[in-house]
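K.L.:
So that you can map any letter, position 61 of the sequence shown is 61 in UniProt numbering, and since no number is skipped, the others follow by simple counting.
The following block contains the structure, expressed as structure tokens.
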Amino acid sequence: VHRAGPRKDIYYEPNEVKAAIVTCGGLCPGLNDVIRQVVFTLETYGVKNIVGIPFGFRGFFEKGLKEMPLSRNLVENINLAGGSFLGVSRGGPKTSEIVDSIQARRIDMLFVLGGNGTHAGANAIHDECRKRKLKVSVVAVPKTIDNDIPLMDKTFGFDTAVEEAQRAINSAYIEARSAYHGIGLVKLMGRSSGFIAMHASLSSGQVDVCLIPEVSFALDGEYGVLQHLEQLIKNKGFCVVCVAEAAGQELLQNSGATDASGNAILSDIGVHM
């Protein structure tokens, strides 16, 4: 695996390059920062023709969605706003149709900001470009607040997610402590990983039980979660539970359904709890 960084040789002639940026899937804190920095870096390398593809892969084929010229002046302050400056959407057209559009637009470099489903699509685009022997670089920028990509030291948006999650935990703590035998239950997102739940629980210092998908657990029995909660209530009068959305899936019925990006739709552990 090659780490990011400067290289001795540059493959493209910068003044001949057309670079495109597209954001797909859901929103994530820091998206606009990444768009801004990609534009800044491309201009530093001498690339003048930079465009944004609106509303994810949909922008490659849907009539009425036009590519947006990007420049330092245009994106200079977009990091001060949330969301995506380019817009997002899930799903999209067939890979062949996207590559047809890339060819027609004469795009040399495509920066794809997205999650698991998006990068499965980006990989398919890369394969189709190689099949057609196109000189197109497909650059994947992982977008996930879940921090669940082993090759990445930390994914953008994760710290913000943990910080915001602590607000919910603090509220649950106050409610539980104020109620007679109160139990505060906080369910946090994270797909199939428990990084947000674990880090938010440790950072807050107010969580008694943290349930994550990486560690299996039983609800009933001598060493079950319910028995432990009962003991906590007896000892301190209240407790706070933080549960990752994918925790305990083995205890629930799996629908087998997927969302528009191809991700499995998880059963709701929060309702079950």
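Backbone N, C-alpha and C fix where the C-beta goes; we use that ideal spot for every residue, glycine too.
Since the structure is predicted, the reported quantities are computational estimates derived from the model, not experimental observations.
Determine, using beta-carbon pairs with one atom in the segment 121-138 and one in the segment 87-103, whether at least three such pairs fall under 8 angstroms.
P.N.:
yes
K.L.:
Could you say if the segment 78-86 and the segment 27-45 meet the contact criterion of at least three C-beta pairs nearer than 8 angstroms?
P.N.:
yes
K.L.:
If you draw a straight line from the C-alpha of Gly25 to the C-alpha of Lys18, how long is it?
P.N.:
24 angstroms
K.L.:
To which residues does DSSP link Asn49 through a beta bridge?
P.N.:
Lys18
K.L.:
Cβ of Pro93 within 8 angstroms of Cβ of Phe40?
P.N.:
no
K.L.:
Mind pulling the alpha helix (DSSP H) runs of 4 or more residues that sit fully within the segment 122-207?
P.N.:
Note on the segment 122-207: whole alpha helix (DSSP H) runs with a minimum of 4 residues are 158-178, 195-204, in chain order.
K.L.:
Would you list the one or two residues that DSSP bridges to Phe111?
P.N.:
Ile21, Val139
K.L.:
Of all the options Phe238, Ile269, Ile265, which has the alpha carbon lying nearest to the alpha carbon of Leu252?
P.N.:
Ile269
K.L.:
How about the segment 45-57 and the segment 137-151: do they share at least three Cβ pairs that are nearer than 8 angstroms?
P.N.:
no
K.L.:
How do the segment 222-238 and the segment 53-72 stand: do at least 3 beta-carbon pairs fall below 8 angstroms, yes or no?
P.N.:
no
K.L.:
In this structure, does DSSP put Ala104 in helix, strand or coil?
P.N.:
helix
K.L.:
Per DSSP, what are the beta-bridge partners of Val34 in this structure?
P.N.:
In the DSSP output, where bridge partners are listed per residue, Val34 has none listed.
K.L.:
Rounded to the nearest angstrom, how far is the Cβ of Ala197 from that of Val243, given a contact under 8 angstroms?
P.N.:
7 angstroms
K.L.:
Would you kindly report the start and end of the unbroken alpha helix (DSSP H) that includes Leu211?
P.N.:
Careful: Leu211 lies outside any alpha helix (DSSP H), inside the beta strand (DSSP E) at 209-211.
K.L.:
What do you get for Ala257, buried or exposed, if any count of 16 or more other CB atoms within 10 angstroms of its CB means buried?
P.N.:
Within 10 angstroms of the beta-carbon of Ala257 lie fewer than 16 other beta-carbons, which makes it exposed.
K.L.:
For Ile212, which residues in the same chain have their Cβ closer than 7 angstroms to its Cβ, ignoring the five residues on either side in sequence?
P.N.:
Gly194, Ala197, Met198, Ala244, Ala247
K.L.:
With a threshold of 7 angstroms on Cβ separation, who are the neighbours of Asn254 within its own chain once the five nearest residues in sequence on each side are excluded?
P.N.:
Ser267
K.L.:
Distance check for Glu230 and Ser178, CA to CA, integer angstroms please.
P.N.:
17 angstroms
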